Amino acid sequence: MHDLLQLYPPPTTSLPLERLYLEHPLHRLVDDATALVYSNFITSLDGRIALPHPGQATHGVPAAIGNARDWRLYQELAAQSDLLVTSARYFRQYAAGEAQDTLPVGNDERFADLRAWRLDQGLNAQPDIAVFSASLDIPAVSLQAYRTRRVHVLTGNGADPARMDALRAQDVEVHSAGAGTNAEGGQAIRLLQNMGYRRIYVIAGPSVFYTLVRAGVLQRLYLTLAHRILGGEDFDSLTWGSELQPAPQPRLRSLFYDAYAPDDAGQLLACYDFPAAIGP
Ligand SMILES: NC(=O)c1ccc[n+]([C@@H]2O[C@H](COP(=O)([O-])OP(=O)(O)OC[C@H]3O[C@@H](n4cnc5c(N)ncnc54)[C@H](OP(=O)(O)O)[C@@H]3O)[C@@H](O)[C@H]2O)c1
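Using my numbering, you'd call the opening residue of the sequence shown number 6 and step up by one each time.
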């Protein structure tokens, strides 16, 4: 496999892609009392993270930017987590047969080393799952693949009680973490932390990411910038929500250049740390 170039911090050095994020010190921010909340996205140069897919009802990661090298790093970040945060949209997309994949860590042979690594570290075979949902529209069929993991749903006090009961009847743990129908970011993360989760990997999309950034509880962002310009008028970008004021200022922690994907376009692999909580 081709090497990457480390651009920041200096000096510039060449290093392997495999294990790059596995050996990134995710533990640095974690102590016995605090959770590390981290996220990961791939975006085009014009800021698209998802576009409509031909013949599908839902958006997906554009084929022109998605690539196996980035996917490997996404899996390495998942391998280190004890909890994945996703959205009900993912479960609806899965039920419609339109999801990109099952939730990580992937069962693929390519990720066998990551599954073994988890066990060596004393982690569960797979991370548990937390689903953000206001509607509580989570098709039962899409939960079948995750019977061996704890599944939590984070919603608001005002969410439909009948749907809460129906989910609980399927062994889903439903938690209220907000005054309306939405979960609030700070309450949601406190709740997860109080349940003992310490490495919380956020792999939902723009609204969940926004919810956590706004509450000041996201601590680290891994961002792949694929060197392609996609256009399109109906797209998702990193965040969705009212303007953030003051605008958060994550600081660059590391930057790598990968010249080999997607195709030969190249991509930058950036990692940002957010300063201490800014408050909701
Ligand atoms: N390129 C990338 O790296 C990348 C990464 C992630 C996702 N994506 C793509 O981005 C697109 C959008 O993803 P997404 O729909 O999962 O993103 P999202 O905007 O984070 O999630 C949407 C759903 O999450 C629930 N939700 C969000 N915030 C909530 C809150 N505060 N409280 C309660 N529920 C909340 C709602 O579910 P209910 O409707 O059930 O209320 C909402 O419909 C997808 O096409 C996905 O493939 C791309």
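Built from N, CA and C at the ideal position, the CB exists for glycine as well. On a predicted model such as this, the values are computed, not experimentally measured, just so you know.
> Any idea what DSSP makes of residue 284, helix, strand or coil?
Replying inline: Confidence at residue 284 is low in this model, with a pLDDT of 40, below 50, so its placement is unreliable and no value can be given for it.
> Is the beta carbon of residue 90 less than 9 Å from the beta carbon of residue 46?
Replying inline: no
> Looking at the unbroken beta strand (DSSP E) that takes in residue 231, where does it start and where does it end?
Replying inline: Counting along the chain, the beta strand (DSSP E) containing residue 231 begins and ends at 225 to 231.
>> Closer than 8 Å is the cut-off here; do at least three beta carbon pairs connect the region 67 to 85 with the region 224 to 239?
In response: Taking 8 Å as the limit for Cβ pairs, the verdict is that the region 224 to 239 does touch the region 67 to 85.
> residue 21 lies in the beta strand (DSSP E); which residues open and close that run?
Replying inline: 18 to 21
>> Please state the DSSP three-state secondary structure of residue 25.
In response: coil
> Within 10 angstroms of its Cβ, does residue 7 collect 16 or more other Cβ (buried), or is it exposed?
Replying inline: exposed
> Buried or exposed: which applies to residue 174, given that a residue is buried once 16 or more other Cβ atoms fall within 10 Å of its Cβ?
Replying inline: exposed
> Can you give, in chain order, each stretch of the alpha helix (DSSP H) that sits fully within the region 195 to 277 and has at least 4 residues?
Replying inline: 211 to 219
>> Distance check for residue 110 and residue 84, CA to CA, integer angstroms please.
In response: 6 Å
>> For residue 21, which residues in the same chain have their Cβ closer than 6 Å to its Cβ, ignoring the five residues on either side in sequence?
In response: For residue 21, where only same-chain residues beyond five positions count, the Cβ hits under 6 Å are 8.
>> Given this structure, state the Cα-to-Cα distance separating residue 180 from residue 209, to the nearest angstrom.
In response: 18 Å
> Considering only C-alpha positions, which residue in the set 78, 100 and 41 is nearest to residue 61?
Replying inline: With distances taken between Cα atoms, residue 61 lies closest to 100.
>> Which same chain residues end up closer than 7 Å to residue 202 when comparing Cβ atoms and leaving out the 5 residues on each side of it in sequence?
In response: Non-local C-beta neighbours of residue 202 in its own chain, meaning closer than 7 Å and more than five positions away in sequence, comprise 40, 87 and 88, ordered along the chain.
> By Cβ distance below 8 Å, which residues in the same chain neighbour residue 155 in space, the five residues on each side in sequence not counted?
Replying inline: 133, 134 and 178
> How is the alpha helix (DSSP H) around residue 73 delimited, first residue to last?
Replying inline: 73 to 84
>> Less than 9 Å between the C-beta atoms of residue 113 and residue 235, yes or no?
In response: Taking a C-beta distance under 9 Å as the contact criterion, residue 113 and residue 235 do not qualify as a contact pair.
> Which residue comes first and which comes last in the beta strand (DSSP E) that contains residue 13?
Replying inline: 8 to 13
> What's the call for residue 13, buried or exposed, on a 16-neighbour Cβ count within 10 Å?
Replying inline: Counting every other CB atom within 10 Å of its CB across the protein chains shown gives residue 13 a total below 16, marking it as exposed.
> Under 9 Å, do residue 164 and residue 147 count as touching if we go by C-beta distance?
Replying inline: no
>> Quick check on residue 284: buried or exposed, where buried means 16 or more other Cβ atoms within 10 Å of its Cβ?
In response: Bear in mind that a pLDDT of 40 at residue 284, under 50, signals an unreliable position, so the model cannot answer this.
>> I want to check one thing, is the minimum distance from the CB of residue 123 to the heavy atoms of ligand 1 below 8 Å?
In response: No; taking the cut-off as 8 Å, the Cβ of residue 123 has no heavy atom of ligand 1 nearer than that.
>> Quick check on residue 279: does DSSP put it in helix, strand or coil?
In response: coil
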